[in-house]
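What follows is one structure encoded as structure tokens, with my remarks underneath.
In our numbering, the protein residues as written are 6 to 294.
Given below as structure tokens:
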């Protein structure tokens, strides 16, 4: 008889490695948020309580701007990634000869690093680049903007690219959910005279609830921590980069390390406070097969 702790033994080594390399350093790092740790401080480290957290929440306009931009960024990515991903999944779920090639084509961006994605789109969107030349050729030259240099719009441009980058991942999760729907349900709805939209609204959409939950939560958590794409696409985090929480933490890491850690702690707590109600909401809407 298999030992009842067999599964635990298999997971334990990986769990220990994860704890040593991530959980312990994270806990130690979070503790620094309550000190005056500074790169240029030679007088030792002293406990200051919640001073950094209080200041960042109530007195620092940069933190408020960064949090607002991060939420906008996350919302844009979630909507684009999941709506387009669902559409692609519905397309790929249709049985035709080229469906396998379509799956590969739309999933392929996911395998590329953020560096490749950022360099590719930076080459397309730089001033007087291919995209601007295309708009000029179409008579839309007056619509040209600083796609990556204007801080008023680059957050929307970069979040759209982020959503495109990961839409193949969402499509794959949605496709797995579609494959679990019994074909008898769709056939019965057709016999009853339901239109394609009615079939989607009353059968398909409710039954892919678990896939929606996974995609929405993973997209939300991943984009709230967004750092690499905004950093790389807007001049390596320069003055044109959108002010998101990840970049604020980076800029603080070279000097005010304790304050940067406090902002990071606020971000982690914010993700938990927003993600838990989202999980509860989406789980309640799931329908068992």
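In this text, a Cβ means the ideal position worked out from N, Cα and C, and glycines have one as well. Quick caveat: nothing in here was measured; it's all calculated off a predicted structure.
* Asked: Does the separation of the CB atoms of residue 263 and residue 64 fall below 7 Å?
  -> no
* Asked: Exposed or buried, which one is residue 51 when buried takes at least 16 other CB atoms within 10 Å?
  -> exposed
* Quick one: any contact between the segment 245-257 and the segment 126-139, if contact means 3 or more CB pairs under 8 Å? -> no
* Asked: Nearest to residue 182 by CA position, among 257, 93, 125, 270, is which residue?
  -> 93
* Between the Cα of residue 75 and the Cα atoms of 232, 98, 18, which residue gives the shortest distance? -> 232
* From residue 283 to residue 48, what distance separates their C-alpha atoms? -> 45 Å
* To do: Report all residues from its chain with a CB closer than 6 Å to the CB of residue 113; omit the five preceding and five following residues, and keep chain order.
  => none
* I think residue 227 touches residue 291, with their Cβ atoms under 8 Å apart; what is that distance to the nearest whole Å? -> Residue 227 to residue 291, Cβ: 21 Å. No contact.
* To do: Quick one: measure Cβ to Cβ for residue 199 and residue 58, integer angstroms, because I've assumed they're closer than 8 Å.
  => So it is not a contact: roughly 54 Å between Cβ atoms.
* Asked: What span of residues does the alpha helix (DSSP H) with residue 142 cover, start to end?
  -> 135-142
* **Residue closest to residue 160, alpha-carbon to alpha-carbon, out of 254, 73, 24, 280** => 73
* Asked: Using a Cβ-Cβ cut-off of 6 Å (strictly less than) and excluding sequence neighbours within five positions of residue 96, which residues of its own chain qualify?
  -> none
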